[in-house]
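Step one of this worksheet: look at the structure below.
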Amino acid sequence: MEPLISARNIKKYFKVKEGILKAVDGISFDIYPGETFGLVGESGCGKSTTGRTITRLIEPTEGEMYFEGENIFEISESELRKRRRDFQFIFQDPYASLDPRMTIEEIVAEPLEIYGVYKDADQRREEVIELLNLVGLSEEHGSRFPHEFSGGQRQRVGVARALALRPKFIVCDEPISALDVSIQAQVINILIDLQDKMNLTYLFIAHDLSMVKYISDRVGVMYLGNMMEVAKSEELYSNPLHPYTIALLSAIPIADPKVQKEKKRIILKGEVPSPIDPPDRCPFADRCPRAEDMCRQSKPEFKEVTQGHFVACHLVK
Ligand SMILES: Nc1ncnc2c1ncn2[C@@H]1O[C@H](COP(=O)(O)OP(=O)(O)OP(=O)(O)O)[C@@H](O)[C@H]1O
Ligand SMILES: [Mg+2]
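The letter at position 302 of the sequence shown is residue 342 when you use the working numbering, and the numbering goes up by one with no holes.
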């Protein structure tokens, strides 16, 4: 199967007064049609910047980003505008991303409005009701305002809005992190259900591995602007290869208390280093329990070690 998305050597640097901040420093990955690709890593490692760069919400510093075979980093603004319909965003904070002065109906209909999809008010209304129904809301919710809704309901509105233009690809940037644990599963289940119904492909961003495990077909682990490991979910959880992934997994509590007791939690020493003018070496070297001299001398290549299992580590052969 051809990937829907092929991101190649994506870089996004920001000029800051201290130097060059390398938010995303040359990452590559594919996402296949109908798949959920989970992207995890600590705060500040470049997950959101990756999502924004590959959809060209911000301009890339370098790289190639193929969407259905077309490099969207090279197309003109007007072509990009047409393409944008195919990719949408769902954000972490549904409250901040919904205009408080607009009714739910107006919010959900806005993308249709912008793209001039429905000229006729009745037709537009029908479409909005259908979208609300898709996310488990009903017609009468349409006339209300965001503040009248719970966090979970607001996120449903955010999902309905993202679906309005029938996109192919959705970047879900920590869509459940701000929600109560009891609501998180509901929103996840809606996303999974919609994926089947509407043949959607997701980039699903989250802080920790436990959250992406359930929803992701494959997972990428980022650290300091770099992709450290990519594998199928089961493979990543059962056979993690990168010392950073192993450390992250050791922090996930296991439901079985006996196993939990025997499990050794790896506490990483030190802090995440600065992404400003980073030295040319393994970004994890300073905190890695297994680091050797060569790890401080050059940056390891991101390579496929077994079929579909990629890792950037000098110590993994
Ligand atoms: N517009 C900007 N100008 C300068 N630096 C930026 C800008 N946007 C992001 N950064 C920096 O880029 C790095 C990556 O940020 P990003 O928001 O992508 O991380 P993240 O992995 O999404 O973190 P979080 O989990 O907290 O959302 C951080 O060091 C951040 O401070
Ligand atoms: Mg983020």
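Where is the CB? At the ideal position from N, CA and C, for every residue including glycine.
All values reported here derive from a predicted model rather than from experimental measurement.
Who are residue i's beta bridge partners in DSSP?
| i | result |
| --- | --- |
| phenylalanine 129 | Val211 |
| glycine 59 | Val56 |
| serine 46 | Asp70, Tyr106 |
| lysine 343 | Val351 |
| alanine 246 | Val80 |
| lysine 272 | Arg258 |
| threonine 241 | Phe209 |
| tyrosine 263 | Asn266 |
| aspartate 65 | Lys51 |
| asparagine 111 | Tyr106 |
Rank the options by C-alpha distance to the C-alpha of residue i and give the top, closest one.
| i | options | result |
| --- | --- | --- |
| aspartate 333 | Glu344, Cys353, Ile316 | Cys353 |
| proline 80 | Ser217, Ser190, Asn111, Asn239 | The residue you asked about is not proline; residue 80 is valine in the sequence shown. When each option's Cα is compared against that of valine 80, the closest is Ser217. |
| glycine 156 | Arg141, Gln193, Leu205 | Leu205 |
| isoleucine 292 | Phe185, Ser222, Lys253 | Lys253 |
| serine 88 | Ile210, Pro140, Ile307 | Ile210 |
| lysine 339 | Leu177, Gln347, Ser314, Pro319 | Pro319 |
| histidine 282 | Lys343, Phe189, Asp317, Ile45 | Lys343 |
| phenylalanine 324 | Asp317, Leu308, Ile316 | Leu308 |
| serine 183 | Asp133, Ile169, Asn279 | Ile169 |
| valine 312 | Asn229, Arg165, Tyr284, Gln337 | Tyr284 |
| arginine 125 | Asp317, Asp133, Arg96, Leu174 | Arg96 |
| serine 190 | Ser314, Tyr135, Asp248 | Tyr135 |
| leucine 177 | His247, Ile115, Arg194 | Arg194 |
| threonine 346 | Met105, Pro280, Ser314, Arg123 | Pro280 |
| arginine 40 | Ser250, His247, Ser273, Asp248 | As shown, the chain starts at 41 and ends at 357. That puts residue 40 outside it, with no answer to give. |
| glutamate 275 | Asp317, His349, Leu61 | His349 |
| methionine 142 | Glu110, Gly109, Glu188 | Glu188 |
| leucine 152 | Ala202, Ile115, Glu179 | Ala202 |
| glutamine 132 | Ala161, Ile228, Ser314 | Ile228 |
| histidine 247 | Gly84, Lys237, Gly109, Phe54 | Gly84 |
If contacts are defined as beta-carbon pairs under 8 Å, then residue i and residue j qualify, I think. What distance do you get, rounded to the angstrom?
| i | j | result |
| --- | --- | --- |
| aspartate 267 | serine 68 | Residue identity check: residue 267 is methionine in the sequence provided, not aspartate. Indeed they touch by this definition, with Cβ atoms about 7 Å apart. |
| isoleucine 245 | aspartate 213 | 5 Å |
| isoleucine 154 | histidine 181 | Not confirmed; about 22 Å, so no contact. |
| leucine 138 | valine 197 | 6 Å |
| isoleucine 45 | phenylalanine 107 | 6 Å |
| alanine 200 | leucine 171 | 4 Å |
| glycine 78 | serine 256 | 3 Å |
| isoleucine 130 | proline 215 | 5 Å |
| leucine 234 | leucine 174 | 6 Å |
| isoleucine 316 | glutamate 58 | 5 Å |
| proline 359 | phenylalanine 113 | The chain is shown from 41 up to 357; residue 359 falls before or after that span and cannot be answered. |
| proline 186 | proline 140 | 5 Å |
Beta-carbon within less than 7 Å of residue i's beta-carbon, same chain only, minus the 5 sequence neighbours each way: which residues are those?
| i | result |
| --- | --- |
| glycine 86 | Ala63, Val64, Met262, Gly265 |
| glutamine 226 | Gly192 |
| proline 43 | Asp70, Ile71, Tyr72 |
| glutamate 167 | Leu152, Tyr158 |
| glutamine 224 | Ile216 |
| arginine 164 | Ala149, Leu152, Tyr158 |
Looking only at its own chain, which residues have a Cβ that is under 8 Å from the Cβ of residue i, when we skip the five neighbours before and after it?
| i | result |
| --- | --- |
| glycine 310 | Asp326, Arg327 |
| glutamate 102 | Asn49, Ile50, Lys51, Gly66 |
| isoleucine 306 | Ile286, Ala287, Ser290, Ala291, Pro329 |
| glutamate 341 | Ala352 |
| isoleucine 98 | Lys52, Thr89, Arg92 |
| isoleucine 115 | Arg123 |
| glutamine 337 | Arg321 |
| valine 56 | Ile316 |
| methionine 41 | Tyr72, Pro73 |
| valine 356 | Leu281, His282, Val345 |
Note down, in chain order, each residue of its chain lying with its Cβ closer than 6 Å to the Cβ of residue i, except the 5 sequence neighbours on either side.
| i | result |
| --- | --- |
| tyrosine 242 | Thr76, Ile210, Cys212 |
| glycine 260 | Phe69, Leu79, Met267, Val270 |
| glutamate 179 | Ile169 |
| isoleucine 94 | Ala47, Met105 |
| cysteine 335 | Cys322, Ala325, His354 |
| asparagine 111 | Glu104 |
Any Cβ of chain D within less than 8 Å of the Cβ of residue i?
| i | result |
| --- | --- |
| glutamate 108 | The chain inventory of the structure shown lacks chain D, comprising one protein chain alone. |
Task: Entirely enclosed alpha helix (DSSP H) segments - the stretch 172–213, minimum 4 residues - done: 191–203
Open item on the list: Going residue by residue through the stretch 279–335, where are the continuous alpha helix (DSSP H) segments of at least 4 residues, counting only ones entirely within it?
Closed with: Listed in chain order, the alpha helix (DSSP H) runs fully inside the stretch 279–335 are 283–290, 297–302, counting runs of at least 4 residues.
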